[in-house]
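So the sequence shown is numbered by our numbering: it starts at 9 and just counts up by one.
The structure under discussion appears below in the form of structure tokens.
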Amino acid sequence: MSGITAAVDDAPPLEALPPEGMVATSHPRAADAAAEVLRQGGNAVDAAVTAAAVLGVVDPMSTSIGGDCFALVWDATERALHGYNGSGRAPKAATLADLKARGLHDVPERGILSVTVPGAVDAYATLLERFGKRSFADALAPAIEAAEGFALTPIVARDWAKAEPTLTAGEGADVYLPAPIAGQEFRQPALAASLRAIAEGGPEVFYRGALADEIAKRSHELGGWLTKEDLAEHTGEWVTPLEGHYRGHTVVELPPNGQGIVVLEALALLDEFPLADLSPAERAHLQIEALKIAFGDAQPLVGDPEKSNVTALLDPDALESRVDALEAQKRATEHPAAPRRPAGDTVYVAVVDGEGNACSLISSVYMHFGSGVVVDGICLQNRGALFFSDPAHPGALAPGARPYHTIIPAMVFRSEKPWLVFGVVGGFQQPQAQVQILVNLIDHGMTPQEAIDAPRFRWLGSDRIRLEDGFDANAREGLEARGHRVVDEPVGFGGAQAVLIESPLEGGSDPRKDGCVRRVKS
Numbered sequence: 009m010s011g012i013t014a015a016v017d018d019a020p021p022l023e024a025l026p027p028e029g030m031v032a033t034s035h036p037r038a039a040d041a042a043a044e045v046l047r048q049g050g051n052a053v054d055a056a057v058t059a060a061a062v063l064g065v066v067d068p069m070s071t072s073i074g075g076d077c078f079a080l081v082w083d084a085t086e087r088a089l090h091g092y093n094g095s096g097r098a099p100k101a102a103t104l105a106d107l108k109a110r111g112l113h114d115v116p117e118r119g120i121l122s123v124t125v126p127g128a129v130d131a132y133a134t135l136l137e138r139f140g141k142r143s144f145a146d147a148l149a150p151a152i153e154a155a156e157g158f159a160l161t162p163i164v165a166r167d168w169a170k171a172e173p174t175l176t177a178g179e180g181a182d183v184y185l186p187a188p189i190a191g192q193e194f195r196q197p198a199l200a201a202s203l204r205a206i207a208e209g210g211p212e213v214f215y216r217g218a219l220a221d222e223i224a225k226r227s228h229e230l231g232g233w234l235t236k237e238d239l240a241e242h243t244g245e246w247v248t249p250l251e252g253h254y255r256g257h258t259v260v261e262l263p264p265n266g267q268g269i270v271v272l273e274a275l276a277l278l279d280e281f282p283l284a285d286l287s288p289a290e291r292a293h294l295q296i297e298a299l300k301i302a303f304g305d306a307q308p309l310v311g312d313p314e315k316s317n318v319t320a321l322l323d324p325d326a327l328e329s330r331v332d333a334l335e336a337q338k339r340a341t342e343h344p345a346a347p348r349r350p351a352g353d354t355v356y357v358a359v360v361d362g363e364g365n366a367c368s369l370i371s372s373v374y375m376h377f378g379s380g381v382v383v384d385g386i387c388l389q390n391r392g393a394l395f396f397s398d399p400a401h402p403g404a405l406a407p408g409a410r411p412y413h414t415i416i417p418a419m420v421f422r423s424e425k426p427w428l429v430f431g432v433v434g435g436f437q438q439p440q441a442q443v444q445i446l447v448n449l450i451d452h453g454m455t456p457q458e459a460i461d462a463p464r465f466r467w468l469g470s471d472r473i474r475l476e477d478g479f480d481a482n483a484r485e486g487l488e489a490r491g492h493r494v495v496d497e498p499v500g501f502g503g504a505q506a507v508l509i510e511s512p513l514e515g516g517s518d519p520r521k522d523g524c525v526r527r528v529k530s
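Have a look at this one:
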């Protein structure tokens with residue numbers, strides 16, 4: 009249940025930590041709510057859960073209590089790191105045979121068949137029960153208030169408008185359309201009522217009570233697999249984080265069913281190259297090719313946690329052979345392991361409190377507005393779309409299985425202490441952007457904000473990449489000369505949030521989102 013445990017004899021006293029807290033997330037209302045929790049004496053977990061619940065209201069296309077949640081928690085008193093997998097399972101009736109009988113080869117991207125059991129409500133309650141100082145009802149109060157009316161921020165409004173075609177064809181049109189514009193107030197009375205019921209009755213209401221009844225009823229009406237029994241049997245789990253290393257730092261990710269192993273393997277490969285001394289083109293080329301190798305190695309192995317074993321990918325002998333392969337790749341490879349279904353979005357929260365506790369929390373409904381199915385104001389996720397149809401794959405659709413997951417909270421340790429709490433949203437861009445940000449921070453000495461602001465690349469599969477506006481022109485030419493095919497496809501570059509734990513704390517919030525950093529004096 010804990011991964012890193014600091015050596016107490018070598019660690020500085022708690023009094024040496026900055027007497028302040030900090031929040032970084034993708035919406036000002038969520039950041040303000042989390043900051044207020046810290047001011048009122050709540051800790052990092054209290055603040056992170058509160059922010060995530062608010063984000064499920066004010067950024068409804070990205071997350072919801074109908075989605076999943078993963079978290080890393082640093083407990084400053086125990087000096088130990090804990091990981092939590094709050095992802096839900098496939099319904100018991102979800103089989104490849106039934107999928108085939110319906111005339112389908114893959115789980116549809118949208119609709120009721122893409123719905124897996126939502127794990128977020130259980131995750132929030134479990135995190136609070138173990139580490140929080142405040143009640144579940146306290147944590148949900150700002151979200152309830154937001155559901156009763158909030159003003160749209162510009163990027164949320166933009167993404168909402170882009171999702172209109174999906175909503176028009178789906179179940180959520182009567183709830184979310186017409187798409188509101190920036191500055192317009194939007195009310196979600198049904199969601200407010202559901203949140204209030206959960207606040208009063210706890211997770212039991214969602215998984216075994218009235219809300220479970222309504223979700224199961226809607227699933228049955230739409231011909232879905234999900235039943236009340238599936239909801240009632242849900243449990244998340246505490247997991248041991250995976251550790252990798254880069255330039256003397258310990259980088260921590262969660263194990264499968266998440267894709268954090270991609271980050272750790274790519275960094276391990278890049279650790280063998282003096283990136284800071286290379287040209288921008290060579291530096292970007294190596295990062296792209298390292299990520300291709302890591303994605304390719306991870307894809308056959310990442311799926312349901314009970315069937316996934318990725319530790320061999322970080323074995324020194326295995327890494328040595330992969331480093332040799334990377335060094336030999338002077339030109340872009342047409343790598344066959346393209347990221348699957350690259351669309352997707354998420355929300356992320358980084359929090360550090362005045363006592364030195366830290367929480368890296370990420371939640372999502374996967375693609376914009378998830379499945380499109382909305383029950384009592386709750387948008388249900390479409391994580392089932394990431395199941396594989398190959399029965400031999402660890403991520404194959406099966407009763408009770410958990411699918412490949414894109415969302416990956418992260419932390420970085422220096423001298424056995426948390427140094428960076430960070431995460432990136434954006435589906436399969438998440439590992440790619442995490443690597444680029446860490447290179448910016450560690451190899452180039454950028455501040456968190458500078459590292460986040462810097463233009464990014466995105467590998468799209470084979471030899472295809474997209475470069476963000478502002479990407480170094482000489483680097484672009486150098487990448488093209490190495491055989492990378494630069495394309496102009498309508499994909500994003502992710503949205504990052506970070507808190508650097510130095511004195512004073514330093515944060516960064518991605519301008520690609522609506523968010524901000526809030527500093528709270530203890």
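Think of the CB as a built atom: it goes at the ideal place given N, C-alpha and C, for glycine as much as any other residue.
Being a predicted model, the structure only gives us computed values, none of them experimental.
- The bridge partners DSSP lists for Ala154 come to none.
- A distance below 6 Å between beta-carbons, with the five flanking residues on each side excluded, links Val525 to the following residues of its chain, in chain order: Ala32, Gly515 and Ser517.
- If you check the CB distance, Ala306 and Gln267 come in under 8 Å.
- Taking Ala52 as the centre and dropping the five residues before and after it, the same chain places the C-beta of Val359, Val360, Asp361, Asn365, Ala366 and Cys367 closer than 7 Å to its C-beta, in chain order.
- In the three-state DSSP reduction, Asn317 falls in the coil class, being neither helix nor strand.
- Distances from the CA of Ala220 to each of Asp522, Gly127 and Gly435 were compared; the closest alpha carbon is that of Gly127.
- Looking at the DSSP output, Gly91 sits in a beta bridge with Leu80 and Val247.
- About 5 Å separates the Cβ atoms of Thr124 and Gly392, confirming a contact at the 8 Å cut-off.
- The straight-line gap separating the alpha-carbon atoms of Glu208 and Ala42 is approximately 21 Å.
- In this structure, Ala292 is the residue among Ala292, Met454, Asp325 and Gln48 with its C-alpha nearest to the C-alpha of Arg339.
- Shortest Cα-Cα distance from Ile301 to any of Leu286, Val381, Gly311 and Leu321 involves Leu321.
- The three-state reading of DSSP puts Ile73 in coil, since its state is none of H, G, I, E or B.
- Every unbroken stretch of the alpha helix (DSSP H) spanning 4 or more residues and falling wholly within the segment 435 to 512 is given here in chain order: 437 to 446, 456 to 461 and 481 to 489.
- The beta carbon of Thr161 lies closer than 6 Å to those of Asp522 in the same chain, with the five residues before and after it left out.
- In this structure, Arg484 is the residue among Pro399, Arg484 and Leu89 with its C-alpha nearest to the C-alpha of Arg466.
- In the structure shown, Thr33 adopts extended strand secondary structure according to DSSP, grouped into three states.
- Remark: C-beta atoms of Val183 and Val62 do not approach each other more closely than 8 Å.
- When the beta-carbon positions are compared, Pro512 and Glu28 come within less than 8 Å of each other.
- If you ignore the 5 residues before and after Glu172, its C-beta comes within less than 6 Å of the C-beta of Ala187, all in its own chain and listed in chain order.
- Nearest C-alpha to Asn390 among Ile163, Gly50 and Gly232: Gly232.
- CA-CA distance, Asn448 to Thr58, rounds to 30 Å.
- Remark: C-beta atoms of Ala155 and Val271 do not approach each other more closely than 8 Å.
- Residue pairing by DSSP places Tyr254 opposite His257 in a beta bridge.
- Judged by DSSP secondary structure, Tyr356 falls outside any alpha helix (DSSP H) and instead within the beta strand (DSSP E) spanning Val355 to Val360.
- Counted as a single uninterrupted DSSP element, the beta strand (DSSP E) harbouring Pro426 occupies residues Lys425 to Val433.
- By the 16-neighbour rule on beta-carbons within 10 angstroms, Ile189 is exposed.
- The continuous beta strand (DSSP E) containing Ala366 extends over residues Ala366 to Ser372.
- Just measuring C-alpha positions, the residue of Ala481, Ile445, Gly491 and Leu468 sitting nearest Ile460 is Ile445.
- The way I'd put it, the segment 396 to 416 doesn't touch the segment 143 to 159; fewer than three beta-carbon pairs between them come closer than 8 Å.
- The shortest CA-to-CA distance from His242 to any of Phe158, Asp76, Ser379 and Val81 is the one to Asp76.
- Ranking Pro417, Lys529 and Arg166 by CA distance to the CA of Gly191 puts Arg166 first.
- For Phe421, the enclosing beta strand (DSSP E) begins and ends at Ala418 to Arg422.
- DSSP, reduced to helix, strand and coil, places Ala171 outside both helices and strands of the structure shown, so it counts as coil.
- CA-to-CA, the gap between Arg464 and Phe501 works out to about 7 Å.
- By a beta-carbon distance limit of 8 Å, His257 contacts Trp427. Their separation comes to about 7 Å.
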